[in-house]
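**Student:**
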Ligand code: HH2
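Residue numbers (the numbering used here): 328 to 602.
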C-alpha cells in the first residue's frame with residue numbers, strides 16, 4: 328500500500344466506516360449537496376470527525392441510467408476536494424471512479440485507494456495504473472454500465488455468480504500485476520441487481536469470504552431498502568440502512584460505505600453487542 332498503512336484484518340470485530348462524499352449534481356440520494364468543492368470538503372471533514380476512517384470521493388453518479396461525465400469534468404470536481412482532505416484529515420481517501428485518467432489525477436492529489444465500480448472492466452488502463460502505483464483497489468461487482476446494467480440483472484444463484492465474476496475480475500487484476508494485498512471486493516448491491524438479489528447477497532454475505540479478500544459493502548439508502556420498507560425517498564432511508572448494517576456485521580464486512588456515518592456508528596455498536 329502506498330500510504331504506509333496496513334490493510335485492516337479480513338473480518339474485524341466492527342467494520343470500518345467509509346463516508347460518502349458525492350461531488351456531483353445528480354447522485355441518487357444527495358445530489359447537489361456537496362457539489363461545490365468547499366461543501367464537499369466540509370462534509371468529508373464532518374464524516375471523519377463522526378468516525379469514518381475512510382472518505383470516498385466521487386465526481387460521477389453511478390445510479391441506474393446515469394449519464395456519463397466527461398473525464399476532464401470529473402477530475403475538476405474531485406481533485407480540489409482530495410487535495411484539501413489529504414491536507415486536513417488522516418482518513419484513508421478513496422476515489423470512486425472507473426476511469427484511469429481520473430484515478431491518476433486523484434492519486435496525484437492524495438487518494439490512497441481506487442474504488443472501481445467496474446472491477447477493471449470499464450477501462451483496461453486502470454489496472455495497469457493500480458499495479459504501477461501500488462495503491463488500494465476496490466473491485467465492485469457490476470454487469471454492463473450504469474446506463475445498461477439493470478437489463479443484465481438475471482441470475483440463477485446470485486451469490487454464486489457474483490462470487491465467480493468477482494473471482495474472475497480479481498484474477499485479471501493479478502495477471503496485470505496488482506497484488507492481493509491491494510484488493511478489496513464488493514458485491515455491488517443495486518448494480519445489475521434487482522431488490523431480491525441485493526437482499527440475497529446481504530443475507531449470504533459470508534459466502535463471499537471464500538475469496539479470502541476483505542469485503543466492502545455499499546448499501547446506504549439504496550432502492551432495495553425502499554422496496555423492503557416502502558420508503559420511496561432515498562434521502563429518508565437512513566433507518567433502513569442502519570437496520571441492514573446488522574447483516575454486514577454478521578457477514579464479516581470489513582468496510583461499510585454510508586452517507587450517515589454517525590447513525591451507522593450507533594447502529595453498529597448496538598448490533599455488535601447483540602450478535
Ligand atoms: N455505490 C454507489 C457508488 N459507489 N462504490 C462501492 N464500492 N460500492 C457501492 O455499493 C457503491 C459505490 C452508489 O451510491 P452513491 O455514491 O450514493 O450514489 P451515486 O452513484 O448516484 O452518486
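We treat Cβ as the ideally placed atom computed from N, Cα and C, and that holds for glycine. Computed from a predicted structure; not experimentally measured.
So does residue 545 have its beta carbon nearer than 7 Å to some heavy atom of ligand 1?
**Tutor:** If you number the chain shown from 1, residue 545 lands on position 218. Correct: residue 545 has its Cβ closer than 7 Å to ligand 1.
**Student:** Which residue comes first and which comes last in the alpha helix (DSSP H) that contains residue 582?
**Tutor:** One-based indexing of the chain shown puts residue 582 at position 255. Counting along the chain, residue 582 falls outside any alpha helix (DSSP H), though it belongs to the beta strand (DSSP E) covering 582-585.
**Student:** Output needed for residue 503: all residues of its chain with C-beta closer than 7 Å, excluding positions within five of it in sequence on either side, in chain order.
**Tutor:** Residue 503 sits at position 176 when you count from the first residue of the chain shown. Once the five neighbours on either side are set aside, the close Cβ partners of residue 503 are 454, 455, 458.
**Student:** Comparing C-alpha positions only, which one of 590, 593, 586 sits nearest to residue 347?
**Tutor:** The residue given as residue 347 occupies position 20 in the chain shown. Measuring from the Cα of residue 347, the nearest candidate turns out to be 586.
**Student:** Say the cut is 7 Å; is the CB of residue 422 nearer than that to a heavy atom of ligand 1?
**Tutor:** Numbered from its first residue, the chain shown carries residue 422 at position 95. Not under cutoff, so the answer is no.
**Student:** Near residue 368, which residues of its chain fall below 7 Å by C-beta distance, leaving aside the five closest residues on each side in sequence?
**Tutor:** Mapped onto the chain shown, residue 368 falls at position 41. Correct list, in chain order: 408, 411, 412.
**Student:** Here's a check: name, in chain order, each residue in its chain whose Cβ is nearer than 7 Å to the Cβ of residue 400, leaving out the five neighbours to either side.
**Tutor:** As a first step, residue 400 is located in the chain shown; it is residue number 73 there, counting from the start. Answer for residue 400: no residue qualifies.
**Student:** For residue 348, which three-state DSSP category applies?
**Tutor:** By 1-based counting over the chain shown, the position of residue 348 is 21. Here residue 348 sits in strand by DSSP.
**Student:** Compute the Euclidean distance between the alpha carbons of residue 365 and residue 595, then round it to the nearest angstrom.
**Tutor:** In the chain shown, counting from the first residue as 1, residue 365 sits at position 38. In the chain shown, counting from the first residue as 1, residue 595 sits at position 268. Roughly 30 Å separates the two Cα atoms.
**Student:** Since residue 421 sits in a beta bridge, which residues does DSSP pair it with?
**Tutor:** Stepping through the chain shown from its first residue, residue 421 is reached at position 94. DSSP, once it has assigned bridges, lists 383, 440 as partnering residue 421.
**Student:** Nearest to residue 460 by CA position, among 433, 482, 480, is which residue?
**Tutor:** Taking the chain shown and counting its residues from 1, one reaches residue 460 at position 133. Among 433, 482, 480, the Cα nearest to that of residue 460 belongs to 433.
**Student:** So, are the CB atoms of residue 562 and residue 357 less than 8 Å apart?
**Tutor:** In the chain shown, counting from the first residue as 1, residue 562 sits at position 235. In the chain shown, counting from the first residue as 1, residue 357 sits at position 30. For residue 562 and residue 357, yes; Cβs fall inside 8 Å.
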